[in-house]
Amino acid sequence: MKRILVIHGPNLNLLGEREPQIYGSLTLAELNAKLHEFAVEHNLELKVFQSNHEGALIDKIHSERHWADGIVINPGALTHYSYALRDAISAVGKPTVEVHLSDIHQREPFRKISVIKDVCIAQVCGLGWKSYIEGLKALQAEATMTHVSREGSMSEPIIEAKKDGPNLIKGPLKLVDASGKETLIDRPWVALCRCGQSQSKPLCDGTHSKVSFKADAAKLYQP
Ligand code: DQA
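Residue -7 is where the sequence shown starts when you use this note's numbering, and the numbers rise one by one after that.
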């Protein structure tokens, strides 16, 4: 059983009535019900928390740090400027996925910036409430992950990316694709998944917005 803390930031309590053309018509209670449904089907235990206050969100991350195996967080507007929230995520060291209902990359310029994303294993946005489901799926991958040996060296791959992914791996990692191209992925946790059917299923670095590893097979090394 994996225990996941789901956090909703400021203004998400108004879902359903708040700009439904952007955020959808589901209320927060209805969205949470979908998450609980997914959790039951996938043997996950959830704690869900919403607050309009930065400090309350930070306190929750702290107080659940020994309970949670991972975090799915929609930080709302705090995404774009809260270094305190970023530090809290980084401090507890749990694999965390940043999610957004809307596609923050297609909106006002200030929304394209996330000060949170670099301490997260993935950023999922633009899928409405399903962004949260993708976030849960990314964390679920850890349960099936191959444990990575810290002794991995460049002559010995630590894990071969699973065909259907996703793989959640403790970073940083060096990824070598089939053509020999090396990419350093310098993040504390790295989610690799397969997405984008139209692009012959490239390996994605888990952010879904940056499909940078176009290879059918790739090997990962500890740098
Ligand atoms: C949001 C996007 C943020 O820019 C905004 O401030 C929100 C919601 C989203 O889910 O799309 O409050 O995080």
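For each residue, glycine too, the CB sits at the ideal point set by N, CA and C.
Treat the numbers as computed from the prediction; the structure is a model and nothing was measured.
Beta-carbon separation (whole angstroms), residue i vs residue j, contact threshold 8 Å
i, j, result
"Lys104", "Ile96", "6 Å"
"Leu131", "Val64", "7 Å"
"Val84", "Ile108", "At roughly 13 Å, the Cβ-Cβ gap does not stay under 8 Å, so Val84 and Ile108 are not in contact."
"Arg266", "Ala60", "Outside the displayed range of the chain (-7 to 215) lies residue 266, so it cannot be described from this structure."
"Ile125", "Ala80", "Wrong, their Cβ atoms sit about 24 Å apart, outside the cutoff."
"Thr19", "Leu7", "6 Å"
"Cys117", "Val91", "7 Å"
"Lys86", "Gly62", "5 Å"
"His72", "Phe102", "6 Å"
"Gln115", "Ser106", "6 Å"
Heavy atom of the ligand DQA within 6 Å of residue i beta-carbon
i, result
"Gly68", "yes"
"Ile96", "yes"
"Leu93", "yes"
"Asn24", "no"
"Arg78", "no"
"Asn3", "yes"
"Arg103", "yes"
Per DSSP, the bridge partner or partners of residue i
i, result
"Cys117", "His92"
"Thr175", "Leu167"
"Gln42", "His0"
"Arg78", "Partner(s): none; Arg78 has no beta bridge."
"Lys(-6)", "Leu36"
Member of the options whose CA lies at the smallest distance from the CA of residue i
i, options, result
"His45", "Leu36, Pro2, Phe30, Leu20", "Pro2"
"Leu165", "Thr71, Arg99, Arg179, Ala21", "Arg179"
"Leu36", "Val(-2), Leu93, Ala21", "Val(-2)"
"Phe30", "Thr175, Gly172, Glu174, Lys122", "Lys122"
"Ile14", "Lys129, Ser94, Leu4", "Ser94"
"Ala21", "Phe102, Asn5, Val32, Glu11", "Asn5"
"Asp110", "Gly120, Glu56, Tyr75", "Tyr75"
"Gly120", "Gly172, Phe102, His0, Gly16", "Gly16"
"Pro243", "Ser82, Ser43, Ser171", "This structure does not reach residue 243, given that the chain is present from -7 up to 215, and the question cannot be answered."
"Glu100", "Ala69, Glu174, Val168", "Ala69"
"Lys129", "His34, Glu174, Lys173, Gln98", "His34"
"Leu77", "Val168, Ser171, His0", "His0"
Proximity test, residue i beta-carbon vs the ligand SAH heavy atom, cut-off 6 Å
i, result
"Ser43", "Ligands displayed in this structure: the ligand DQA; the ligand SAH is not among them."
Checklist entry - Whole alpha helix (DSSP H) runs in the region 6 to 73 with 4 or more residues, listed along the chain? => result 12 to 15, 20 to 33, 46 to 55, all fully within the region 6 to 73.
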